[in-house]
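>
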Amino acid sequence: MTASKTAFDPASAAARGLAHCHFCAQVQPVAHAHCARCHAALHLRKPHSLQRTLALTLGAMLLYLPANLLPVLNVESSVKGNQQNTILSGVIQFWQDGDYPVALIIFTASIVIPIAKIISILILCRAAQTGRRPSAMTRLHRITDFVGRWSMVDVFVVAILVGVVQLGTVMTVTPGGGAFAFAAVVILTMLAAHSFDPRLIWDAAARRLNTASHRNRPDGAA
Amino acid sequence: MDSAPILPSPTLACHDCDALYTAPAVAEGEKIICARCGARLFARWPNALQRATALVCASAWFFVLANIFPFLSLQAEYRESGMVLGGTVSGLEEHGFPLLGALVGVFMLGAPTLIIGGLLYVLVPLFHHRRLPGAGRLYRAILEARRWNMVEVYLLGVLVSLLKLGKLATLSLGTSFWAFVGLIVCLTAALSAIDHRELWSKMEGASR
Ligand SMILES: [Zn+2]
Ligand SMILES: [Zn+2]
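First to last, the sequence lines map onto chains A and B. The first sequence begins at 254 in my numbering and counts up one residue at a time. The second sequence begins at 182 in my numbering and counts up one residue at a time.
(1) With three or more C-beta pairs closer than 8 Å as the rule, is the segment 320-329 of chain B touching the segment 290-306 of chain B?
(2) List, from N- to C-terminal side, the alpha helix (DSSP H) runs of 4 residues or more that fit wholly inside the segment 210-290 of chain B.
(3) Which same chain residues, not among the five before or five after W226 of chain B, have their C-beta less than 6 Å away from its C-beta?
(4) Taking the C-alpha atoms as reference points, what is the distance between L326 of chain A and G268 of chain B?
(5) Check whether the segment 304-322 of chain A touches the segment 434-443 of chain A, counting contact only when three or more Cβ pairs, one atom from each stretch, lie closer than 8 Å.
(6) I need the straight-line Cα distance from P282 of chain A to L271 of chain A, nearest angstrom please.
(7) Measuring only between beta-carbons, confirm whether W403 of chain A sits less than 8 Å from chain B.
(8) Which residue from A:M424, A:K299 and A:A294 puts its Cα closest to that of L285 of chain A?
(9) Closer than 8 Å by beta-carbon distance: list the chain A residues that pair up with A224 of chain B, in chain order.
(10) For ligand 1, which residues count as neighbours when the test is a C-beta closer than 6 Å to any heavy atom?
(11) By a C-beta neighbour count over all protein chains shown, 10 Å radius and 16 as the cutoff for buried, is K370 of chain A buried or exposed?
(12) Run through DSSP, which three-state label would G347 of chain B get?
(13) Relative to the C-alpha of L323 of chain A, which candidate in A:H273, A:I340 and A:N463 has its C-alpha closest?
(14) Name the residues in the segment 271-290 of chain A whose C-beta lies less than 7 Å from a C-beta of chain B; which are they?
(15) Should T356 of chain B be flagged as near chain A, meaning a C-beta pair shorter than 8 Å?
(16) Is the beta carbon of S357 of chain B sitting closer than 8 Å to the one on L284 of chain B?
(17) Regarding R221 of chain B and ligand 2, is the C-beta to nearest heavy atom distance less than 7 Å?
(18) Which chain B residues are close to S388 of chain A, counting only those with a beta carbon under 8 Å from its beta carbon?
(19) From the DSSP output, which residues share a beta bridge with P282 of chain A?
(20) Please state the DSSP three-state secondary structure of R311 of chain B.
(21) How big is the Cα-Cα spacing for I368 of chain A and F278 of chain B?
(22) From the DSSP output, in three-state form, read off S265 of chain A for me.
(23) R395 of chain A: beta carbon under 7 Å from a heavy atom of ligand 2?
(24) Of the residues that make up the segment 320-331 of chain B, which ones have a beta carbon closer than 8 Å to any beta carbon in chain A?
(25) Which residue or residues does DSSP assign as beta-bridge partners of V328 of chain A?
(26) Quick check: is the beta carbon of T383 of chain A nearer than 8 Å to any beta carbon in chain B?
(27) Anything in chain B within Cβ reach of W455 of chain A, meaning under 7 Å, just list it in chain order.
(28) Just the chain A side, please: which residues come within less than 7 Å of E209 of chain B by C-beta, in chain order?
(29) Between A:R290, A:F435, A:A445 and A:Q346, which lies nearest to R395 of chain A when the distance is taken from Cα to Cα?
(30) Is the CB-CB distance between V344 of chain A and A356 of chain A below 8 Å?
(31) Less than 8 Å between the C-beta atoms of S342 of chain B and L414 of chain A, yes or no?
(32) Give the DSSP-derived three-state secondary structure of H447 of chain A in the structure shown.
(33) Please tell me whether, using a cut-off of 7 Å, the distance from the CB of D398 of chain A to the nearest non-hydrogen atom of ligand 2 is below it.
(34) Go through its chain and collect everything with a Cβ distance to F276 of chain A's Cβ below 6 Å, but skip five positions before and after it.
(35) Please go through the same chain and pick out, in chain order, the residues whose beta-carbon is closer than 6 Å to the beta-carbon of P387 of chain A, but skip the five residues on each side of it.
(36) Please compile the residues from chain A whose C-beta is within a distance smaller than 8 Å of the C-beta of G268 of chain B.
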């Protein structure tokens, strides 16, 4: 820990070698390795937070294409013929049918939130290096972490339609490959947001302050 | 700086920005917000554990009801098909998406089962000042499972599906649907009522 001592804000728990237990919130010396109260492993920061977050986000970005290009739902109807719905065509169909609130819900949950989430995770990873605007960035992380689960709504819609519509000859509904890719995108972005440690932003902010105030001193941190 | 850390006890560190505080005395009904980043560090509700236990019991009851009655039924051209709550999982499995079915199962059945069952196992013995084996590890698993509990997202999915199918067929909501709504309300309230610090200190004080 000696090498990275200057990396932590003097007011922070980590600068004193104290770790906050992720599970029971007990504060104790990190040298203990395991929490005295709940036995969880203790870390000053989530291990390999940035690498993990970036790897998971990259995976989500790669799967985002098949999630949007492949159909999420196949409808075979003896009356209306066969139909393949992608996420976007589903939204457009709701809109054309005049179901504006539903179109907006699906558009927000399935298109806006995943993209916004990927972008904000990338912004957060950058902020963990620059240390700019730590308060706003912490808030961004909180929102990103909270909102991600709601993207799963389209996967549930597919599951419910498949489960309920088994009308034999009249109509069959089957899931498409896009549903699987989309579920994977949502899970990967949720894991990415969870792997990110917002305290890294505060560490970087403290380093920034440190270098700014010690710039002219030979023994300054850098 | 190099001397051994001196712990003002009890200490409080912000989980979002790592600011260190000496924990103030918190009265019932109060909460502590991090002065630096605004994160909620600690909230203490009046009779938190009693309240949480009652709500978890109600959630368990609603969850059982939600699983035994029909969830949705659909009528179109003299045909009727019904679905139970688990039908979304088995439907996906039958159509060759077992992994997707399993994921949906984890999000809407597995996670709530673990949370409700686990909380009963942890909370109820505390009223007799007892702690059952594995309660600490189980509570850690519950904290992890909370993120994957998506019952309220599933409910939004049900509402969207109703609108999607409403034009093709007549849909009716079963008893299970209303039990599921009750489950969401009670489980959300239970999880927000639980006070981690109070729970852990009670567990520490309880005999095994
Ligand atoms: Zn702990
Ligand atoms: Zn804070």
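For every residue, glycine included, the Cβ atom is placed at its ideal position computed from N, Cα and C.
Taking the geometry as given:
(1) yes
(2) 229-249, 268-275 and 279-286
(3) Stepping through the second sequence from its first residue, residue 226 of chain B is reached at position 45. Only A374 meet the Cβ criterion.
(4) Taking the first residue of the first sequence as position 1, residue 326 of chain A is located at position 73. Taking the first residue of the second sequence as position 1, residue 268 of chain B is located at position 87. The alpha-carbon atoms of L326 of chain A and G268 of chain B are separated by roughly 17 Å.
(5) yes
(6) Reading the first sequence from its first residue, position 29 is the one you call residue 282 of chain A. Reading the first sequence from its first residue, position 18 is the one you call residue 271 of chain A. For P282 of chain A and L271 of chain A, the distance between alpha carbons rounds to 4 Å.
(7) Counting from 1 along the first sequence, the entry for residue 403 of chain A is found at position 150. True, the Cβ-Cβ gap to chain B drops below 8 Å.
(8) By 1-based counting over the first sequence, the position of residue 285 of chain A is 32. For clarity, residue 285 of chain A is His in the given sequence; the question names Leu instead. Looking at the Cα atoms, A:A294 is the closest of the given residues.
(9) Looking up residue 224 of chain B in the second sequence gives position 43. The contacting residues do not exist; A224 of chain B stays about 12 Å from chain A at best.
(10) A:C274, A:F276, A:C277, A:Q279, A:C288, A:R290, A:C291 and A:A293
(11) Counting from one through the first sequence, the residue named residue 370 of chain A turns up at place 117. K370 of chain A should be labelled buried.
(12) The sequence position of residue 347 of chain B within the second sequence is 166, counting from 1. The answer is coil: DSSP assigns G347 of chain B none of H, G, I, E or B.
(13) Here residue 323 of chain A refers to the residue found at position 70 when the first sequence is read from its first residue. Residue A:I340 is the option with its Cα nearest to L323 of chain A.
(14) L271, H273, F276, C277, A278, V280, P282 and R290
(15) Your numbering for residue 356 of chain B matches position 175 in the second sequence. So, not an interface residue.
(16) Sequence index remark: in the second sequence, residue 357 of chain B carries index 176 (1-based). Sequence index remark: in the second sequence, residue 284 of chain B carries index 103 (1-based). Cβ distance not < 8 Å, so S357 of chain B and L284 of chain B don't count as in contact.
(17) Counting from one through the second sequence, the residue named residue 221 of chain B turns up at place 40. No, ligand 2 has no heavy atom inside 7 Å of this Cβ.
(18) In the first sequence, counting from the first residue as 1, residue 388 of chain A sits at position 135. Correct list: R217, C218 and G219.
(19) The residue labelled residue 282 of chain A in the question sits at position 29 within the first sequence. Per DSSP, A:L271.
(20) Mapped onto the second sequence, residue 311 of chain B falls at position 130. Here R311 of chain B sits in strand by DSSP.
(21) In the first sequence, residue 368 of chain A corresponds to position 115, counting from 1. In the second sequence, residue 278 of chain B corresponds to position 97, counting from 1. In a straight line, the C-alpha of I368 of chain A is about 25 Å away from that of F278 of chain B.
(22) Against the first sequence, residue 265 of chain A aligns to sequence position 12. S265 of chain A falls in the strand class under three-state DSSP.
(23) Along the first sequence, one-based indexing puts residue 395 of chain A at 142. The answer is no for R395 of chain A.
(24) Y320, R321, L324, R328 and M331
(25) Residue 328 of chain A sits at position 75 when you count from the first residue of the first sequence. In the DSSP output, where bridge partners are listed per residue, V328 of chain A has A:Q336 and A:V426.
(26) Mapped onto the first sequence, residue 383 of chain A falls at position 130. No - not a single Cβ of chain B is within 8 Å of the one on T383 of chain A.
(27) Taking the first sequence and counting its residues from 1, one reaches residue 455 of chain A at position 202. Simply C198 and D199.
(28) Position 28 of the second sequence, counted from the first residue, corresponds to residue 209 of chain B. Those within 7 Å of E209 of chain B in chain A number zero; the least Cβ separation is about 18 Å.
(29) One-based indexing of the first sequence puts residue 395 of chain A at position 142. Answer by Cα proximity: A:A445.
(30) Start at 1 with the first residue of the first sequence, and residue 344 of chain A comes out as number 91. Start at 1 with the first residue of the first sequence, and residue 356 of chain A comes out as number 103. Closer than 8 Å, so yes.
(31) Numbered from 1 along the second sequence, position 161 holds the residue referred to as residue 342 of chain B. Numbered from 1 along the first sequence, position 161 holds the residue referred to as residue 414 of chain A. Yes, Cβ-Cβ distance for S342 of chain B and L414 of chain A is below 8 Å.
(32) Working through the first sequence from its first residue, we reach residue 447 of chain A at position 194. If DSSP states are grouped into helix, strand and coil, H447 of chain A belongs with the helices.
(33) For the purposes of this step, residue 398 of chain A is taken as residue 145 along the first sequence, with counting starting at 1. Checking every heavy atom of ligand 2 against the Cβ of D398 of chain A, none is found closer than 7 Å.
(34) The residue labelled residue 276 of chain A in the question sits at position 23 within the first sequence. Around F276 of chain A: C291 and A293.
(35) On the first sequence, residue 387 of chain A is found 134 positions in, with the first residue counted as 1. Closer than 6 Å at Cβ, skipping near neighbours: I454, W455 and A458.
(36) Here residue 268 of chain B refers to the residue found at position 87 of the second sequence. Chain A residues near G268 of chain B: G416 and V417.
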